[in-house]
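One structure below.
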Amino acid sequence: MMKNKFQCYECIFKCSLIAGLSFLLLIGSPRIDANQIIDNPLTIQQIIAINTGYAKPKDTFSYRIEAVSAKAPLPNGAKSNYTFTLAGDQKKEIVIAFSSPGDYVYKVYQEERSDVQHVTQDKIVYTVTMRVVETKGDLHVYSYLIMDNEGYQHNDLTFKNTYIIRQGPLHSLLFKAGYTSTIYGKLGMIFLAGFWVLIFFMKKRQKDEEV
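Counting from 0, one number per residue, gives the positions in the sequence shown under numbering that gives the first Met the number 0.
Structure, rendered in structure tokens:
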């Protein structure tokens with residue numbers, strides 16, 4: 000009789016303990032509001048500014064996304080970092096496939112390009128924290144936190160590259176084409192071709208005179 004009574008008390012105690020733990024987990028877990036779910040992808044935008052009325056240059060600039068968190072996934076199965084390019088006023092949507100909930104931290108910045116003249120590249124370094132939650136069996140990005148390297152919070156990932164071009168007839172000719180990194184090479188090839196044509200005609204004229 001005493002044994003049955005003891006087992007009954009033990010059962011009541013276990014049930015109470017389970018109910019209490021369940022209640023604590025319920026009130027301690029964050030409530031997921033469906034209206035706060037953010038759709039991936041992450042959008043990165045490049046803006047080109049120029050101090051003249053000429054066409055905006057179409058140079059290509061490289062960007063890098065680094066995984067700061069040890070298990071943070073990257074696009075296309077990349078490891079540790081992912082690079083891509085933008086040209087002119089262009090933006091790119093970055094899709095990241097998450098396999099488990101958690102907080103994932105990334106750094107996003109622009110790589111320096113020394114062969115493009117007259118441009119000041121945006122040196123901002125963004126730190127992006129993405130909180131991924133599971134709801135109804137699916138993973139969703141619940142929130143973004145975007146901070147720059149000076150501690151300011153941002154609503155988006157925007158890089159602004161600024162061209163400062165000297166005024167003059169030669170620069171007017173070059174920059175109206177809209178390209179800064181390739182125009183000099185093209186002009187060089189034109190001058191070289193003209194030089195060889197000149198040599199050809201000079202030799203031909205010399206042969207004609209000898210005849």
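Every residue, glycine too, gets a C-beta built ideally from N, C-alpha and C. Fair warning: this is a prediction, and the values are worked out from it, not measured in the lab.
Pairing residue 158 with residue 115 gives a Cβ-Cβ distance that is not under 9 Å. Checking the DSSP bridge columns, you'll see residue 162 partnered with 49, 118.
Put simply, the backbone Cα of residue 131 is about 56 Å away from that of residue 189. Taking a contact to require three or more Cβ pairs closer than 8 Å, the segment 76-83 and the segment 51-65 qualify as touching. Under DSSP, residue 78 shares a beta bridge with no residue.
Excluding the 5 residues flanking it on each side, residue 51 has same chain C-beta neighbours closer than 6 Å at 164, in chain order. As the crow flies, the alpha-carbon of residue 128 is around 13 Å from that of residue 100. In the three-state reduction of the DSSP assignment, residue 73 falls in the coil class. Residue 103: member of the beta strand (DSSP E) spanning 101-109, first to last residue. Per DSSP, residue 204 has no beta-bridge partner at all. Rounded to whole angstroms, residue 135 and residue 97 show a C-alpha spacing of 15 Å. Closest in C-alpha terms to residue 54, from the list 88, 120, 40, 43, comes 88.
Nearest neighbour of residue 104 by Cα position, chosen from 204, 151, 44, 144, turns out to be 144. About 6 Å separates the Cβ atoms of residue 160 and residue 47, confirming a contact at the 8 Å cut-off. The closest CA to that of residue 141, considering only 156, 193, 133, is found on 133.
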